[in-house]
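The structure appears right after this line, and notes come after that.
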Amino acid sequence: MAHVIDGNAIAEHLRHTIEEELKVLRLSEVRPGLATVLVGEDFAAQAYERHVRRLCEALEYRYVSEGLPADVQLADVAATIGKLNADPRITGILVLHPLPSHIPEAEINSAIDPLKDIEAVHPQNTGLLAQGRPRFLPSTPASCYYLLDSYVRSTGQDPATFYSGKTIVVVGRSNSVGKPAQWLGLQRDATVVACHSRTHAAGKLAEFTCLADILIVAAGVRALVTGDMVRDGVIAVDVGIHPVEDPATGKTRMVGDLDFESVAARAEAITPVPGGVGPITDVWLVGNALMAAAMAQRVEPRFGIFR
Ligand code: NAD
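Note that this note's numbering numbers the sequence shown so that position 68 is 68, with each residue one more than the last.
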């Protein structure tokens, strides 16, 4: 049976690292401030906003939450972002997803000040990331590698060399998760294979997933990858989150894009859902807001983990 990577423990360690860094940076007048913009009332977005808020409050960040109705006009969303861009007390801005269909995501991404763009969605930051010289690392793909690095270290190996020449297969090519996860793999000298919905439609998904030394699945399809689609000894990272109702209890629980039992039976290590990638993402995000605050003050943080 695979080693189950404990994302909660890794998130706690990351949070502790941020707290320590915060203590030092406060001496240099670095004051992080994070703002979220929520358009509409999506349940998952509201839940994520609450997580970020609690974390910011616990770390004594300045925190601002902007809520806009689902029928808001693009100009009003842009004006809200503009106000946050101009506020020196806000160092990081997160626009929550999904956005209503009449609000073009690309325009919203471009409206965020690149120096406050803690999810690296502005084309300038996406470009820097694709070129291997990121300003910010987007929270979900960064969390995948932070979690992988922690596991690699726990086996006595060095994350700086571990990935070189290994095959990383990423299932999913979204701008927010799949593509950056591919780029971060290339930066680590891995051979990266990019799979997506058309790979699946062509009946070729298993052909590629079974090549993976490391498999990152971010497709948004419940139990998409099963044990017969992976090779023995794979390290499998599950990004998917799907609420399902347990017929026995009537309670909702979360499952991922991996068929956990059958993949775990063959894997060296696997991330669970819940308790894998998820808990790290909001901690990473607030870490990025601290980095942005340090950059605004032209202070170099001691830790390099957020680059
Ligand atoms: P998305 O819908 O934007 O992109 C999904 C990608 O998967 C697309 O590139 C698509 O081509 C590919 N895909 C879809 N069906 C496929 C199939 N059958 N076979 C192969 N590829 C397929 O989704 P996203 O924003 O990238 O998120 C992916 C999943 O990760 C979702 O379940 C989402 O809820 C979850 N998520 C989790 C976290 C977290 O913190 N754990 C954060 C962000 C997203």
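Note that CB positions come from ideal geometry on N, CA and C, so glycine has one too.
Looking at residue j and residue i, is the spacing between their C-beta atoms short of 7 Å?
i, j, result
"T155", "A212", "no"
"V95", "L68", "no"
"Q297", "V24", "no"
"T80", "G33", "no"
"S65", "W284", "no"
"L147", "I18", "no"
"L205", "A236", "no"
"I112", "H122", "yes"
"G275", "D238", "no"
"V273", "M295", "no"
"A9", "I270", "no"
"G227", "V286", "no"
"E245", "T252", "yes"
"R54", "Y63", "no"
Assuming residue i contacts residue j under a Cβ cut-off of 8 Å, what Cβ separation, rounded to an integer in Å, is found between them?
i, j, result
"H51", "D282", "5 Å"
"A308", "I118", "Nothing in the structure corresponds to residue 308, since the chain is present only between 1 and 307."
"V177", "F208", "With a Cβ gap of about 18 Å, V177 and F208 do not count as contacting."
"A223", "A181", "Wrong, their Cβ atoms sit about 20 Å apart, outside the cutoff."
"L290", "L27", "Contact flag wrong, Cβ pair sits at about 14 Å."
"G114", "A70", "Here residue 114 turns out to be Pro, not Gly, going by the sequence shown. 27 Å between Cβ atoms; not a contact."
"V221", "D259", "Wrong, their Cβ atoms sit about 11 Å apart, outside the cutoff."
"S143", "I280", "4 Å"
"P159", "D149", "4 Å"
"I108", "V72", "Actually they are not in contact, since the Cβ atoms of I108 and V72 sit about 11 Å apart, beyond 8 Å."
Helix, strand or coil: which one does DSSP assign to residue i?
i, result
"L74", "helix"
"G256", "coil"
"A190", "coil"
"G172", "coil"
"I216", "strand"
"E21", "helix"
"V286", "helix"
"L96", "coil"
"T209", "helix"
"A293", "helix"
"S101", "coil"
"D149", "helix"
"E300", "coil"
"V52", "helix"
"E66", "strand"
"I235", "strand"
"G276", "coil"
"V37", "strand"
"D245", "According to the sequence as given, residue 245 is Glu; it is not Asp. Strand."
"H200", "helix"
"H3", "strand"
"D117", "strand"
"I90", "coil"
"A269", "strand"
Within 10 angstroms of the Cβ of residue i, are there 16 or more other Cβ atoms? Answer buried if so, exposed if not.
i, result
"G256", "buried"
"H102", "exposed"
"F43", "exposed"
"G132", "exposed"
"R266", "buried"
"V193", "buried"
"H16", "exposed"
"G278", "buried"
"T249", "exposed"
"A75", "exposed"
"E49", "buried"
"G7", "buried"
"K179", "buried"
"A35", "buried"
"K116", "buried"
"A324", "Since the first residue shown for the chain is 1 and the last is 307, residue 324 is missing from the structure and cannot be characterised."
"G332", "Missing from the structure shown is residue 332; the chain here goes from 1 to 307 and no further."
"A312", "Residue 312 lies beyond the range of the chain shown here (1 to 307); nothing can be said about it."
"P243", "exposed"
"R89", "exposed"
"R135", "buried"
Just checking: is the beta-carbon of residue i within a distance shorter than 7 Å of some beta-carbon in chain D?
i, result
"S176", "Protein chain content of the structure displayed is limited to a single chain, and chain D is not contained in it."
*Are the region 148-164 and the region 175-190 touching by the rule of at least three beta carbon pairs closer than 8 Å?*
Contact holds: three or more Cβ-Cβ distances are below 8 Å.
_Under 8 Å: do the region 231-242 and the region 187-200 share three or more Cβ pairs, one atom per stretch?_
Counting Cβ pairs under 8 Å, fewer than three are found: no touch.
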